[in-house]
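S.K.: Have a look at this one.
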Amino acid sequence: MATTVKTTTETIYYKGTMGFAPNLLATVVNFSLLVHPDNHTVSGTVRINVGTDKKSYSGKVSGTVYATGLNDIVKVISLHGHIPSDNKLTPLEFPFEANMALKADWSGEGGFSFQGQHDEKVPVKGSVFNLDSAAE
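The number in our numbering is simply the position in the sequence shown, starting from 1, with 6 added.
In structure tokens, the structure reads:
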């Protein structure tokens with residue numbers, strides 16, 4: 007007699023914005039992430055809109071997610087990646103790093119570093135969709 011064990015892997019699709027979107031000169035990061043809380047991993051893409059030069063840069067990122075016990079902050083996400091330049095003649099990749107401290111509703115505060123610019127205490131807003139999958 008065989009027994010079957012079902013395990014559920016939680017996967018969360020998290021899409022949102024980090025930065026002061028109403029300020030036209032501000033750098034704003036739009037992100038689309040797959041969050042796997044069970045194994046503490048995050049992967050996805052970011053689009054960085056640099057307000058001062060009106061350019062957008064897109065690339066892949068990965069990172070970690072951890073639960074916290076800090077007041078209303080329930081999780082922290084750390085991201086890193088190398089974002090390619092938009093110039094075909096000079097195939098440079100710019101380092102990108104970001105951190106987010108999130109509440110239960112997945113809003114919060116964060117910071118990021120890109121092209122020598124470092125912004126802290128910027129608002130983070132987003133929406134989540136649960137993509138649970140069951141395996142036998």
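Heads up, the beta-carbon is just placed ideally off N, CA and C, and yes, glycines get one too.
The structure presented is a predicted model; accordingly, all values stated were derived computationally and were not measured.
For Glu-99 and chain B, any beta-carbon pair shorter than 7 Å?
M.R.: Of the protein chains in the structure, only one exists, and it is not chain B.
S.K.: Since Pro-97 contacts Pro-90 with CB under 8 Å, what's their CB separation in whole angstroms?
M.R.: Position 91 of the sequence shown, counting from 1, holds the residue named residue 97. Position 84 of the sequence shown, counting from 1, holds the residue named residue 90. Confirmed, about 7 Å.
S.K.: Counting along the chain, where does the beta strand (DSSP E) carrying Thr-70 start and finish?
M.R.: Here the question's residue 70 lines up with position 64 in the sequence shown. Thr-70 -> beta strand (DSSP E) spans 61-76.
S.K.: Could you say which of Ser-64, Ile-54 and Val-130 lies nearest to Leu-31 if we only look at CA atoms?
M.R.: Position 25 of the sequence shown, counted from the start, is the residue given in the question as residue 31. Closest option to Leu-31, Cα to Cα, is Ile-54.
S.K.: Leaving aside the five residues before and after Lys-61 along the sequence, list all residues of the same chain whose C-beta is less than 7 Å from its C-beta, in chain order.
M.R.: The sequence position of residue 61 within the sequence shown is 55, counting from 1. Excluding sequence neighbours, Lys-61 sits near Asp-92.
S.K.: For Phe-102, list the residues DSSP reports as bridge partners.
M.R.: Here residue 102 is taken as the residue at index 96 of the sequence shown, counted from 1. Phe-102 is bridged to Gly-87 and Phe-120.
S.K.: Would DSSP call Ser-38 helix, strand or coil?
M.R.: In the sequence shown, the residue the question calls residue 38 occupies position 32. It is a strand residue.
S.K.: Hey, quick one: how far does the beta strand (DSSP E) through Asn-55 stretch, first residue to last?
M.R.: Your numbering for residue 55 matches position 49 in the sequence shown. It spans 47-56 - the beta strand (DSSP E) in which Asn-55 sits, taken as one unbroken run.
S.K.: If you follow the beta strand (DSSP E) that Gly-22 is in, where does it begin and where does it stop?
M.R.: On the sequence shown, residue 22 is found 16 positions in, with the first residue counted as 1. Gly-22 -> beta strand (DSSP E) spans 18-24.
S.K.: Could you pull out every residue in the same chain whose Cβ sits closer than 6 Å to the Cβ of Ser-119, ignoring the five residues on either side in sequence?
M.R.: Walking along the sequence shown from the start, residue 119 turns up at place 113. Cβ neighbours of Ser-119 beyond the five flanking positions: Glu-103.
S.K.: Grab me the residues of Lys-66's own chain with a C-beta within less than 6 Å of its C-beta, minus the 5 sequence neighbours each way, in chain order.
M.R.: As a working note, residue 66 is residue 60 in the sequence shown. So the list reads Thr-51 and Gly-87, once near-sequence residues are dropped.
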